[in-house]
Amino acid sequence: MIPTYIASINDNATVRFKLQSNYNKIIESLYSYNPYKFALNTSKVSVNKFSNTSEIDWIMSKIKSTFINKNIPVIIGELGSINRNNEVEHANWGKCYISKAKFIGVPCIL
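Numbering (my numbering), first residue to last: -9 to 100.
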């Protein structure tokens, strides 16, 4: 497994990511704590309710176009969200995130 810079899916990390032409034994490993305001942010703009899936949709689209469409296998090797005493919202987030990753063929490791 090989990560991008800080195992990120953001544009700066993926644009600069270069893989040798003989990569048939390499798996791309990414981390994701998104949507950031729900998953990781601790400032005043953080949110306790999971409702906006656009960040997750963007991430899955980016993974698909950057790696999957080029036959580079991917795993999301780390993901999660902060406990804010909102178990139902955590469950909703997890179901959404993992189902969207599964749809594009990407396993998630919690």
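All C-beta atoms in this analysis are idealised placements derived from N, C-alpha and C, irrespective of residue type, glycine included.
Helix, strand or coil at Val35 [DSSP, three-state]: coil
Paired residues, beta bridge with Ile66 - DSSP: Leu20 and Cys98
Distance CB(Asn73)-CB(Phe40) smaller than 7 Å: no
7 Å Cβ cutoff, Lys85 in contact with chain D: No chain D appears in this structure, which consists of one protein chain only.
Test item: CB-CB of Ile65 and Ala91 under 7 Å: no
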